[in-house]
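So the protein lines, in turn, are chains G and E.
Numbering of the first sequence is given in numbering that gives the first Met the number 0, commencing with residue 0 and proceeding in unit increments.
Numbering of the second sequence is given in numbering that gives the first Met the number 0, commencing with residue 0 and proceeding in unit increments.
Built from N, CA and C at the ideal position, the CB exists for glycine as well.
All values reported here derive from a predicted model rather than from experimental measurement.
2 protein chains.
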Amino acid sequence: MRPTVHDIAAAAGVSLATVDRVLNRRPGVKAATRARVEAAISDIGYERDMAAANLAKGRVYSFLFILPSGDNSFMRGLEARVREAMQRAAVDRVAISLVTVPPFDPAALAEALDAAEQARPAGVAVVAVDAPEVEAAALRLKDAGVPLVTLVSDLPAHCRSHFAGIDNIAAGRTAGGLMRRFIGPGRGRVAVLAGSMRVIDHRERLEGFRAAMGEAGHEILPVLEAQDDPAEAERLVGALLSQSREISGIYSLGAGNRGLIAALRGQPSFRPRAVIAHELTAHTRLALEAGLIDAVLNQDAGHEVRSAIRVLKARADGVAVIEAQERIRIDIFLKDNLPFAEGEAEAPARSPDAA
Amino acid sequence: MRPTVHDIAAAAGVSLATVDRVLNRRPGVKAATRARVEAAISDIGYERDMAAANLAKGRVYSFLFILPSGDNSFMRGLEARVREAMQRAAVDRVAISLVTVPPFDPAALAEALDAAEQARPAGVAVVAVDAPEVEAAALRLKDAGVPLVTLVSDLPAHCRSHFAGIDNIAAGRTAGGLMRRFIGPGRGRVAVLAGSMRVIDHRERLEGFRAAMGEAGHEILPVLEAQDDPAEAERLVGALLSQSREISGIYSLGAGNRGLIAALRGQPSFRPRAVIAHELTAHTRLALEAGLIDAVLNQDAGHEVRSAIRVLKARADGVAVIEAQERIRIDIFLKDNLPFAEGEAEAPARSPDAA
DNA sequence: CTGTTAGCGCATTCAG
DNA sequence: CTGAATGCGCTAACAG
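Here it is as structure tokens:
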């Protein structure tokens, strides 16, 4: 059996209460006694049974998720994953609450962060907007001792405990690598469609994409900024396609896939050699299956949410996480390896079989 | 607070012991009483606190992993992941043991399975070889009430509780889709390198690959079977490359990557348009970085091991799993999206930062 | 058939 | 500064 508090108490010649005091770094223990207990702890190789500890204190971890509102498909999918996590959270003694704030609004986000601090949650997960107010609010949370995990969109590393999201430079590079291979030999003209260059994720993807494409000497056209507006995206891409048949590829590095797909559908006579987009949603999945899009890079929102919760819990307990488990992959989906489930939704649970 | 056994006892007008008896489906309760208790349970919406239950019974889940021996890089990586899991298993009240059996040896595997049954573990995870003896042994385990999870390589569904591995047909199809795009327009001749066609994974990959390539009318050469022997693989590929410069692509669908890479290195004057292999190991990673291989399809061994453990635990407890979390992805790695860590190893844990 | 009681590993009053 | 006692939610003898 694993050693328990009793074993340490016996070894150190003290009572359970004293052992508990040094375990939880509480005051009221003479330095010498503390030393004896600590010696016994590391000596015996004691490890606290968190389940029992949590049972005894009736602890529940209260976590807060802050997400952008708006009709972005990916964000709504993310919210759905959070809501699923809320359902099953109770069995792990965690209570998740969820608030949404207007997208791309640093002031609103900073305010939500400050409000969070008042509620003194055990941890906060936030889809960040990198702006000074937000950084300041994040640092206030840090000072208050509340672990902060950025989700999908990051802040500078010193402002948060952990980032649950993908390496966007690598994602852009990956898109570039695929684009090059898909276009094939020869020089091509490639269009880039973006939501807004204000968000760091998008800038990073572009940077990575340029680096990967640049090596091959392709021409990258000026970025089309659709400001997350489907109609605008459709107009921009439509105009591009009708003006010129010389487009070899299109890289959609952020929001705006609905417009892109509509534009592609609107010009059935011409198809670029390669169309690559981000985020597997109902729309991009359909486009992939229809052959309008050739590849979709994806970050698994469900994984990101579960990872954020695990990391927050680990931080709250002061224990380490399994790094490999928390690394969010850059998924590449072709029409050949689409997951079975509809859209990005989690599949319904099968009834567990025998045993 | 969540309802507890006390609440049910009070509501049903019985004692804790009786509640416990019906909760654990133990005999010795009058049908009428049982019904009253069950009514109270579903009425109040009671859910058992597994942590407390496990604490009370001092339960430890004992799981057994059965892996093939031999020097296959992927399998040795898998074993490393299992050993890592063994280390951190204690904190979750699980004890993992590990045995290896000669690869591709149905008799040895069946024997190991039967031995496992004697040890009465709470669950078994096995890299299966699909053969009658093995199926029979698996069914014996099932009859004994021991949950069985197949790992990487599957058995027919009725023989096991769950499969922790990828959809190999989809993997082959994905390789085919990439190959087509990488080769570009026009008809190409494509070679396929396999370990042995005896294992179902490999047959399935080939099937998927053929389906995806066939659509495009490429010529697929007769499969080169290297029987997992690096020297043989090198010889076969080397001969092919020197005989003909007409090879547009090579798909290595199983073991034998070391030989493939050596052969490629041995013919620097000629490179097929596309080389696609399976499993990210130290060898394939290097070859990817060097541009000898264009894409590697991978299954995350760490994920598979963690998933197997979660599923086994859920089966032992009779609870459902989060399906999406247990779906093993077909990872596609280009040199652009290689994970940071060296080889397939898990990265060393970072010290947790503030909070 | 049913109830009482002690205890799992730990945290927390409340005395001393 | 230190210790004894009680309880978290649940299980398991052991009595009735």
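Of the listed residues the options, nearest to residue i (C-alpha basis)
| i | options | result |
| --- | --- | --- |
| P102 of chain G | G:S14, G:N23, G:R197 and G:S61 | G:R197 |
| A109 of chain G | G:N23, G:I246, G:P67 and G:F73 | G:P67 |
| V52 of chain G | G:I43, G:R326, G:R92 and G:A215 | The sequence shown places Ala at residue 52 of chain G, not Val. The residue with the shortest Cα to Cα distance from A52 of chain G is G:R92. |
| S41 of chain E | E:N71, E:A319 and E:V4 | E:V4 |
| V191 of chain E | E:P221, E:I165, E:E206 and E:E214 | E:P221 |
| D200 of chain G | G:A286, G:V126, G:E322 and G:I249 | G:V126 |
| A115 of chain G | G:D104, G:V98, G:V128 and G:P131 | G:V98 |
| A215 of chain G | G:R202, G:E203 and G:G187 | G:G187 |
| R257 of chain G | G:I246, G:A281 and G:L239 | G:A281 |
| D316 of chain E | E:S152, E:R47 and E:M85 | E:R47 |
| G213 of chain G | G:A319, G:G194 and G:M178 | G:M178 |
| P338 of chain E | G:A261, G:A169 and G:L240 | G:A169 |
| L252 of chain G | G:I308, G:L223, G:A193 and G:A300 | G:A193 |
| F181 of chain E | E:Y250, E:E203 and E:D153 | E:Y250 |
| G358 of chain E | E:A254, E:A238, E:R25 and E:T283 | This structure cannot settle anything about residue 358 of chain E, because the visible part of chain E is limited to 0 through 354. |
| A230 of chain G | G:A94, G:E203, G:A262 and G:L205 | G:A262 |
| G183 of chain E | E:R172, E:N167, E:H217 and E:G69 | E:H217 |
| F64 of chain G | G:G171, G:E245, G:L112 and G:A286 | G:L112 |
| N167 of chain E | E:M0, E:I327, E:D6 and E:N336 | E:I327 |
C-beta atoms of residue i and residue j nearer than 9 Å
| i | j | result |
| --- | --- | --- |
| L259 of chain E | V274 of chain E | yes |
| I165 of chain E | I329 of chain E | yes |
| G176 of chain G | K56 of chain E | no |
| A163 of chain E | E278 of chain E | no |
| A232 of chain E | L223 of chain E | yes |
| V148 of chain E | R139 of chain E | no |
| V100 of chain E | L311 of chain E | no |
Alpha-carbon spacing of residue i relative to residue j, whole angstroms
| i | j | result |
| --- | --- | --- |
| L235 of chain E | A121 of chain G | 60 Å |
| A135 of chain G | A225 of chain G | 30 Å |
| F332 of chain E | G44 of chain E | 46 Å |
| I61 of chain E | E303 of chain E | The identity of residue 61 of chain E in the sequence shown is Ser, whereas the question assumes Ile. Each residue's Cα considered, the two are about 18 Å apart. |
| A344 of chain E | I321 of chain G | Only weak support is given to the placement of A344 of chain E: the predicted model assigns it a pLDDT of 42, under 50, and the value that follows is read from those uncertain coordinates. Those two C-alpha atoms are separated by around 12 Å. |
| P271 of chain E | P146 of chain G | 51 Å |
| E83 of chain G | A300 of chain G | 12 Å |
| A156 of chain E | A143 of chain E | 17 Å |
| G76 of chain G | R20 of chain E | 42 Å |
| F208 of chain G | G248 of chain G | 12 Å |
| A10 of chain G | A39 of chain G | 6 Å |
| Q298 of chain G | R58 of chain E | 37 Å |
| A346 of chain G | A323 of chain E | Residue confidence for A346 of chain G is low, a pLDDT of 37 falling below 50, so the modelled location carries little weight; the figure read from the coordinates is stated next. Cα-Cα distance, rounded: 6 Å. |
| V13 of chain E | R24 of chain E | 16 Å |
| L15 of chain E | P2 of chain E | 13 Å |
Amino acids of chain E, ordered along the chain, whose beta-carbon sits closer than 9 Å to that of residue i
| i | result |
| --- | --- |
| A163 of chain G | What A163 of chain G touches in chain E: nothing, since even the nearest Cβ is about 14 Å away. |
| V133 of chain G | In chain order: nothing, as chain E lies at least about 18 Å away. |
| E376 of chain G | What is shown of chain G runs 0 to 354, which leaves residue 376 of chain G out entirely. |
Residue i - DSSP class collapsed to helix/strand/coil
| i | result |
| --- | --- |
| A262 of chain G | helix |
| V295 of chain E | strand |
| L97 of chain G | strand |
| A8 of chain G | helix |
| D330 of chain G | strand |
| P2 of chain E | coil |
| A16 of chain G | helix |
| H302 of chain G | helix |
| A79 of chain G | helix |
| P67 of chain G | strand |
| F162 of chain E | strand |
| A127 of chain E | coil |
| I321 of chain G | coil |
| G342 of chain E | Annotation note: pLDDT 37 at G342 of chain E (below 50); position unreliable, coordinate value reported separately. Three-state result, G342 of chain E: coil. |
| F62 of chain E | strand |
| R349 of chain E | Confidence at R349 of chain E is low in this model, with a pLDDT of 35, below 50, so the placement of that residue should be treated as unreliable; the coordinate-derived value is given next. Coil. |
| H277 of chain E | strand |
Within chain E, partners of residue i - CB distance below 7 Å
| i | result |
| --- | --- |
| L54 of chain G | A50, A51 and L54 |
| R82 of chain G | Within 7 Å Cβ-Cβ: nothing; R82 of chain G doesn't reach chain E, min ~14 Å. |
| L22 of chain G | Correct list: empty, because the minimum Cβ distance to chain E is about 16 Å. |
| Q226 of chain G | Going along chain E, no residue has its Cβ under 7 Å from Q226 of chain G, so there is no contact; the nearest lies around 28 Å. |
| A9 of chain G | The premise fails here: A9 of chain G is roughly 19 Å from chain E at the closest Cβ pair, so nothing lies under 7 Å. |
Residues that residue i contacts on chain G, provided the C-beta gap is smaller than 9 Å
| i | result |
| --- | --- |
| R328 of chain E | D299, R328, D330, N336 and P338 |
| F181 of chain E | R180, F181 and G183 |
Per-residue contacts from residue i into chain G (C-beta, under 8 Å)
| i | result |
| --- | --- |
| G175 of chain E | D335 |
Cross-chain neighbours of residue i in chain E, by beta carbon under 8 Å
| i | result |
| --- | --- |
| Q358 of chain G | Residue 358 of chain G is absent from the model: chain G starts at 0 and stops at 354. |
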